[in-house]
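**Q** Got a structure here, written out as structure tokens. Questions coming.
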Amino acid sequence: MRTVAEARRRAEHERTRAATPADHAYAQGWRDAVDILPEGVDLLRQVLIQTSAAASDSPLEQAHMHGMRLAAEWIIEK
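Add 961 to a position in the sequence shown, counting from 1, and you land on the number used in this note's numbering.
Shown next, in the form of structure tokens:
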């Protein structure tokens, strides 16, 4: 598992790359996943399961969930 510091750096990297509203929603998903990390890896795993099963018609919500899911995978699967 990656450290909180590593995860925060990666989330900041995603934020600086964001150019479109969908990019910003994706980056916010990263930040939200990083904010959950101090609560414990089990909660982060739940987020991974929930975002994998979730569906939305909103492209911004989809981008946000995608960011959270990828961040959770990246953090957990070091």
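All C-beta atoms, glycine included, are put in the ideal place defined by N, C-alpha and C.
None of the values given here were measured: they were computed from a predicted structure.
Taking the alpha carbon of LEU1021 as the reference point, which residue from GLU975, LEU1009 and GLY990 has its own alpha carbon closest?
**A** GLY990
**Q** With burial defined as no fewer than 16 other Cβ atoms inside 10 Å of the residue's Cβ, what is the status of HIS974: buried or exposed?
**A** exposed
**Q** How many angstroms separate the CA atom of GLY1028 from the CA atom of GLU1038?
**A** 15 angstroms
**Q** Could you spell out where the alpha helix (DSSP H) holding ALA972 opens and where it closes?
**A** 965-978
**Q** What did DSSP end up calling GLY990 once you bin it into helix, strand or coil?
**A** helix
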